[in-house]
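What follows is one structure encoded as structure tokens, with my remarks underneath.
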Amino acid sequence: MKEKGISAVILAGGGSTRMGRNKALLQLGEKTMIEIVVDTLRPVFDEIILVTNHPEEYSKLKDILFVKDKMITKEKNSLVGIYTGLAIAKNPYTFVVPCDMPFIDQDLIDYMTRQLEDEDVIIPFVEGHYQPLHAIYGKRCKDPIKKMLEAEQYKIINFFHEVSVKTIDDETVKKFSKDMKCFLNINTYDAYLKVRQQWK
């Protein structure tokens, strides 16, 4: 069932410097990573936004809103992608995920959306760490994020003290993703080859 009031934002604005190519377009089975992420999100959200400065590379994707970064920053960073998604989304909340996380779990994401009350952020906090690229952000986060970007501060969790945050704990996450693979990023070509082998 699609969640009203929440958009999905996929971040594909990175330089893929460690990978040496656009990792979103790498193949896993019959689909690219970006197609896998989109297909996982589509049943849950009524709006999917892809933040990328190269929308021409994603012509295969349909019914997606392509947007470029709303701010120019000195360094490549995910925070500007979150800000862009919040600024563009038609809904008051956005679920943010990167393009290189192919093991995201639809049931966990759906669970997180159903926990939303009046918080500004809903985020997994597992093994002592936040997972800021697998989280829900409300529009009230936009101004604190903008201030950080203007100050050239890019660590996502550094604005959390200015907003209300609800966490999802380890035990809950493990009900959906026992090995926490849902948070696995594929950043290097060696990591991609390993995952491609597992995918078979």
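Residue numbers for the sequence shown, in our numbering: 1 to 200. From the three backbone atoms N, C-alpha and C, an ideal C-beta is built for every residue, glycine too.
Problem set entry | Through-space distance from residue 44 to residue 105, alpha-carbon basis | Taking the sequence shown and counting its residues from 1, the one referred to as residue 105 is at position 105. Taking the sequence shown and counting its residues from 1, the one referred to as residue 44 is at position 44. Distance between the alpha carbons of residue 105 and residue 44 is about 11 Å.
Exercise. Alpha carbon to alpha carbon, what distance is there between residue 185 and residue 267?
Worked result: What is shown of the chain runs 1 to 200, which leaves residue 267 out entirely.
Exercise. Per DSSP, residue 165 is paired with what?
Worked result: One-based indexing of the sequence shown puts residue 165 at position 165. According to DSSP, which records beta bridges pairwise, residue 165 is partnered with 121.
For this session: Please state whether DSSP places residue 95 in a helix, a strand or coil.
Result: Sequence index remark: in the sequence shown, residue 95 carries index 95 (1-based). Residue 95 falls in the strand class under three-state DSSP.
For this session: Please state whether DSSP places residue 177 in a helix, a strand or coil.
Result: By one-based count along the sequence shown, residue 177 stands at place 177. Of the three classes helix, strand and coil, the one that applies to residue 177 here is coil, per DSSP.
Exercise. Secondary structure at residue 66, three-state DSSP: helix, strand or coil?
Worked result: Taking the first residue of the sequence shown as position 1, residue 66 is located at position 66. Strand at residue 66.
Exercise. If we ignore side chains and look at the alpha-carbon of each, how far apart do residue 111 and residue 198 end up?
Worked result: As a first step, residue 111 is located in the sequence shown; it is residue number 111 there, counting from the start. As a first step, residue 198 is located in the sequence shown; it is residue number 198 there, counting from the start. Just so you know, the alpha carbons of residue 111 and residue 198 end up roughly 26 Å apart.
Problem set entry | Range of the contiguous beta strand (DSSP E) that encloses residue 7 | Counting from 1 along the sequence shown, the entry for residue 7 is found at position 7. Its beta strand (DSSP E) spans residues 6-11.
Exercise. Under a Cβ-count criterion, where at least 16 other Cβ atoms within 10 Å of its own Cβ denotes burial, should residue 72 be classed as buried or exposed?
Worked result: Residue numbering aside, residue 72 sits at position 72 when the sequence shown is read from its first letter. By the neighbour-count rule (16 or more Cβ atoms within 10 Å), residue 72 is not buried but exposed.
Exercise. Tell me, which residues are paired with residue 126 by DSSP?
Worked result: Sequence index remark: in the sequence shown, residue 126 carries index 126 (1-based). Per DSSP, 129.
Problem set entry | the stretch 57-69 contacting the stretch 125-135, beta-carbon criterion three pairs below 8 Å | The stretch 57-69 vs the stretch 125-135: no contact.
For this session: Could you give the DSSP three-state label for residue 83: helix, strand or coil?
Result: Here residue 83 is taken as the residue at index 83 of the sequence shown, counted from 1. DSSP places residue 83 in helix when its eight states are reduced to three.
Exercise. Taking the Cβ atom as the reference point for each residue, do residue 38 and residue 11 lie within a distance shorter than 8 Å?
Worked result: The sequence position of residue 38 within the sequence shown is 38, counting from 1. The sequence position of residue 11 within the sequence shown is 11, counting from 1. No, the pair does not count as a contact, with Cβ atoms beyond the cut-off.
For this session: May I have the straight-line CA-CA distance separating residue 167 from residue 120, to the nearest angstrom?
Result: One-based indexing of the sequence shown puts residue 167 at position 167. One-based indexing of the sequence shown puts residue 120 at position 120. C-alpha separation (whole angstroms): 11 Å.
Exercise. In angstroms, rounded to a whole number, what distance separates the CA positions of residue 102 and residue 25?
Worked result: Counting from 1 along the sequence shown, the entry for residue 102 is found at position 102. Counting from 1 along the sequence shown, the entry for residue 25 is found at position 25. In a straight line, the C-alpha of residue 102 is about 12 Å away from that of residue 25.
Exercise. Per DSSP, what kind of secondary structure is residue 153 in: helix, strand or coil?
Worked result: For the purposes of this step, residue 153 is taken as the residue at position 153 of the sequence shown. Here residue 153 sits in coil by DSSP.
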